[in-house]
Structure formats: structure tokens, C-alpha cells
Amino acid sequence: MFSKKNNTIQISKPFTERYTLLIETDMVAVNVVMKSKAKMRWEFKVNKVNKDFIEVELLLLDNVILESNNPMVKDIAAMSQAFSRMYSELHLILDHSGKVLEVLNMDLILDKWAHTKKEMEAVIEHSPEAKDVIILNDSIFQDKEKVKIAIESSEFFLVYFQYVYGKKIPYTVKDQIHNNFLNTASLQWKYTVSQKQDTSSGPSLTEIDVVGAPYGTLSKGWHKKAYGTFSQVMDVSKIETELSKTANYQVENSTGKIKKMTLEHQEIADTTKLYSIMKYTLTSENRTQQEHTTDNDQRQETDKYTPQKKGNLSFLIDDM
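Take 343 as the starting number for the sequence shown in the working numbering and just add one per residue.
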């Protein structure tokens with residue numbers, strides 16, 4: 343629900359919704375080219391809404407790579423899918439901003455990790471890199487607070503709760519620290535979040551726009567740290583990186599649930615040799631079905647045969 347009294351968006355009543363997230367990656371790092379499209383699906387169920395918290399269940403239904411030009415993407419995806427098993431069933435208490443207050447099925451998650459760890463140890467005996475991944479995740483699952491942080495850092499939470507919930511809109515933050523796409527340098531970001539005034543989504547929805555950019559000037563030292571690895575093949579001192587993040591949320595007024603979200607994150611150091619463009623599209627499957635039904639209804643109405651006057655020649659054109 344969007345409250346005009348205090349300009350905040352909150353989930354205001356129980357609901358069950360299925361969502362599809364499409365993740366499109368277009369990344370070039372000199373001689374490494376990665377283009378892919380992945381799909382994730384969830385069932386998100388809000389069981390209870392309280393003044394101070396909401397009780398939710400989140401079930402992962404699907405996690406697949408639809409397209410990829412690079413075997414490395416498939417390897418990373420296989421590892422990701424293995425670890426996503428631990429978070430495929432979540433029963434949580436959240437505050438109204440999406441922060442995890444309590445994991446109600448923590449025992450189930452820890453049991454899944456114990457089983458997965460044994461399976462992976464049996465097949466990666468001669469892979470030091472994979473062993474490091476297991477050690478890292480083992481340290482997470484030994485600390486319940488780290489498990490909460492890991493859940494908050496997952497794809498669903500990052501696209502659903504990161505910007506719009508539990509905050510007075512409009513607002514600006516300048517203290518967000520993120521790494522560049524190569525994870526070689528960090529930088530401070532500024533985000534401006536505002537309600538979209540000129541909207542075509544109708545009175546039942548509130549639209550929220552998010553605009554993000556680096557806070558301050560990117561120095562030559564930052565560029566050297568970020569892209570110094572490629573100094574043999576390009577003049578890093580002449581790079582002027584373009585960084586941006588934009589998002590749009592369509593929120594249902596009656597419940598406070600998201601009906602659609604789009605997010606695009608760009609980091610362009612060189613338009614042909616060194617860049618990353620990530621696009622996320624989260625869509626309510628109910629919304630998709632409704633739009634499909636409306637399109638069919640309109641198509642059927644358009645395709646109705648209208649009798650012509652005698653003597654006229656008529657054609658039925660099927661524009662597939």
C-alpha cells in the first residue's frame with residue numbers, strides 16, 4: 343500500500359504471487375565475452391501482516407540458463423544452482439523494509455547444507471578452488487546472522503526489497519558502497535528514489551523510479567585499480583567510465599505488492615573492449631496472464647468477421 347500520509351510503501355495485506363525474473367548479461371573484458379539470459383521463478387506468500395513485521399514464505403520454483411555463449415556461464419550457474427538449494431524454501435519474519443528478522447526454518451536450511459556439503463566434498467577432492475567455495479559457505483552456515491545476510495543478498499531480495507519498501511519517498515542516499523563488475527575496485531553510489539508523476543499504469547498502481555550514479559568523480563587512481571589488469575592491451579589512463587543504475591517499480595496500491603520491476607546496471611569503460619550491462623525484469627505471473635487474456639480478447643474482437651454488402655469482395659488476413 344502507498345500511504346499518502348507518510349509517503350511510504352508497505353505490504354499491507356496477505357497475498358500469494360508467483361514471479362518470474364529474467365536476468366540478461368552482456369559483458370566484455372577484452373578477450374572474454376559473456377552473453378547470457380537466465381530465468382528464475384518463485385512463489386512468494388505473505389502469511390501475516392503486523393504493524394512491525396510480516397511473515398512470509400518464499401519458494402524457488404525454477405533456476406535455469408536460457409541462453410549462453412560461454413561455457414564458463416554454465417559452470418558458474420551449476421555451482422549457483424547447487425548452493426541455491428539451501429535457500430529454495432524460506433519461512434521468514436521480515437520488517438517492512440525487507441530486512442530479515444528471523445529465519446523460522448533455519449534447521450531445515452542447515453540440514454540441507456550438511457547434506458550438500460557431503461555431496462560436494464565427495465566429487466571435488468582434487469579441486470582446490472571448489473574447496474575454497476565450500477569453506478566460505480561453511481563459515482556462513484555456522485553463523486545464523488550470516489545466513490540472514492546471505493538471504494538478503496539473494497536475487498529476489500535485491501530486486502524486490504532494496505529500494506521501495508519502508509522508506510519515505512522521495513529520498514536520496516549517498517552511502518552505498520559497491521564493487522565494479524570485475525570486483526577489483528569499490529566506489530560510493532548515490533541513489534535518488536521518487537514517485538513517478540507521469541504514469542500510464544493507471545490509478546491502481548504506484549510507479550517508483552530509481553536513479554543511481556557514482557557519488558563524486560572517478561579518479562585516475564580508481565581507474566588504474568579497477569582496470570589495471572588490462573593495461574597491456576589498452577591505455578587505462580584515458581578511460582572515462584560511464585556508470586549508471588536505473589530501475590522502475592510498479593506497485594499495487596491495494597496490497598503493496600510489486601506487479602513489475604525493471605532494473606538496468608551499466609558499467610562502460612570501453613564500448614567494445616570493456617563493459618558490463620545487466621538487465622533484470624521481474625514480472626508477476628498473474629499480471630502476465632491478465633495481459634495475455636486482454637490481448638486475446640482484443641484480437642478476437644478485431645478478428646470478428648463483418649458481413650460485407652453483396653457484390654463486395656472480402657479477404658480474411660491472418661497476420662501471424
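Every residue, glycine too, gets a C-beta built ideally from N, C-alpha and C.
* **Where the alpha helix (DSSP H) containing residue 490 begins and where it ends** => The residue given as residue 490 occupies position 148 in the sequence shown. Where residue 490 is concerned, the enclosing alpha helix (DSSP H) stretches over 486–494.
* To do: Find the nearest neighbour of residue 379 within the set 626, 620, 462, 399, judged by alpha-carbon distance.
  => In the sequence shown, counting from the first residue as 1, residue 379 sits at position 37. Of 626, 620, 462, 399, the residue nearest in Cα terms is 620.
* Asked: According to the Cβ coordinates, are residue 334 and residue 376 closer than 8 Å?
  -> Lying before the first or after the last residue shown, residue 334 is absent from the chain, which here runs from 343 to 662.
* What three-state label does DSSP hand residue 371 in the structure shown? -> The residue given as residue 371 occupies position 29 in the sequence shown. Assigned with DSSP and collapsed to three states, residue 371 falls in strand.
* Could you give the distance in angstroms between the alpha-carbon of residue 394 and the alpha-carbon of residue 507? -> Looking up residue 394 in the sequence shown gives position 52. Looking up residue 507 in the sequence shown gives position 165. Residue 394 and residue 507 have their C-alpha atoms spaced approximately 13 Å apart.
* To do: Give the DSSP bridge partners of residue 556, in chain order.
  => Sequence index remark: in the sequence shown, residue 556 carries index 214 (1-based). Residue 556 pairs with 531.
* Asked: residue 438 by DSSP, collapsed to three states: which one?
  -> For the purposes of this step, residue 438 is taken as the residue at position 96 of the sequence shown. In this structure, residue 438 counts as coil in the three-state DSSP scheme.
* **Element boundaries [beta strand (DSSP E), containing residue 594]** => Here residue 594 corresponds to residue number 252 of the sequence shown, with the count starting at 1. It spans 584–594 - the beta strand (DSSP E) in which residue 594 sits, taken as one unbroken run.
* Could you check where the beta strand (DSSP E) with residue 398 kicks off and where it finishes? -> Start at 1 with the first residue of the sequence shown, and residue 398 comes out as number 56. Counting along the chain, the beta strand (DSSP E) containing residue 398 begins and ends at 396–410.
* **Proximal residues to residue 448 (C-beta, below 8 Å), its chain only, five neighbours per side dropped** => By 1-based counting over the sequence shown, the position of residue 448 is 106. The residues are 486, 489.
* Cβ-based burial, residue 598 [other Cβ within 10 Å; buried from 16] -> Mapped onto the sequence shown, residue 598 falls at position 256. Buried, since its Cβ has 16 or more Cβ neighbours within 10 Å.
* To do: Taking only the alpha-carbon atoms, compute the straight-line gap between residue 409 and residue 366 and give it to the nearest angstrom.
  => Position 67 of the sequence shown holds residue 409. Position 24 of the sequence shown holds residue 366. Cα to Cα, the separation comes out at about 9 Å.
* Asked: Looking at the structure shown, is residue 423 part of a helix, part of a strand, or coil, going by DSSP?
  -> Along the sequence shown, read from residue 1 onward, the residue named residue 423 stands at position 81. In the structure shown, residue 423 sits in a helix (DSSP, three-state: H, G or I).
* Apart from the five residues just before and just after residue 350, which ones in its own chain have a Cβ nearer than 6 Å to its Cβ? -> Here the question's residue 350 lines up with position 8 in the sequence shown. Excluding residues within five positions, the ones whose Cβ falls inside 6 Å are 510.
* Apply the 10 Å Cβ neighbour rule to residue 554 and answer buried if 16 or more other Cβ atoms are within range, or exposed otherwise. => Position 212 of the sequence shown, counting from 1, holds the residue named residue 554. By the neighbour-count rule (16 or more Cβ atoms within 10 Å), residue 554 is buried.
* For residue 391, collect the residues of the same chain with a Cβ closer than 7 Å to its Cβ; drop the 5 residues on either side in sequence, then sort them by chain order. => Your numbering for residue 391 matches position 49 in the sequence shown. 353, 354, 355, 356.
* To do: Kindly list the residues whose CB is nearer than 7 Å to the CB of residue 407, restricted to its own chain and excluding five residues on each side of it in sequence; keep chain order.
  => By one-based count along the sequence shown, residue 407 stands at place 65. Excluding positions up to five away in sequence, the list reads 378, 380, 415, 416, 419.
* To do: Helix, strand or coil for residue 386, going by three-state DSSP, please let me know.
  => As a first step, residue 386 is located in the sequence shown; it is residue number 44 there, counting from the start. Reduced to three states, the DSSP call for residue 386 is strand.
* Where does residue 479 land, buried or exposed, given buried means 16+ other C-beta within 10 angstroms? -> Looking up residue 479 in the sequence shown gives position 137. Its Cβ being crowded by 16 or more others within 10 Å, residue 479 is buried.
* **Pair within 8 Å by beta-carbon distance, residue 451 and residue 397** => For the purposes of this step, residue 451 is identified with residue 109 of the sequence shown, where counting begins at 1. For the purposes of this step, residue 397 is identified with residue 55 of the sequence shown, where counting begins at 1. No, the pair does not count as a contact, with Cβ atoms beyond the cut-off.
* Where residue 509 sits in the DSSP three-state scheme -> Counting from one through the sequence shown, the residue named residue 509 turns up at place 167. Residue 509: coil per DSSP, three-state reduction.
* Quick one: is residue 528 buried, meaning 16 or more other Cβ sit within 10 Å of its Cβ, or exposed? -> On the sequence shown, residue 528 is found 186 positions in, with the first residue counted as 1. When all chains shown are included, residue 528 counts as exposed.
* Do residue 403 and residue 385 have their C-beta atoms within less than 8 Å of each other? -> If you number the sequence shown from 1, residue 403 lands on position 61. If you number the sequence shown from 1, residue 385 lands on position 43. In this structure, residue 385 lies closer than 8 Å to residue 403 by Cβ.
* Asked: So what does DSSP say about residue 348, is it helix, strand or coil?
  -> Taking the first residue of the sequence shown as 1, we reach residue 348 at position 6. Looking at residue 348 - three-state DSSP - the assignment turns out to be coil, as it is neither helix nor strand.
* Of the residues 616, 545, 552, the one placed nearest residue 290, counting alpha carbons only -> The requested residue 290 does not occur in the structure, where the chain is confined to residues 343 to 662.
* Asked: Should residue 538 and residue 550 be called a contact, given that it needs their Cβ atoms to be closer than 8 Å?
  -> Counting from one through the sequence shown, the residue named residue 538 turns up at place 196. Counting from one through the sequence shown, the residue named residue 550 turns up at place 208. Yes; because the gap between Cβ atoms is below 8 Å, this pair is in contact.
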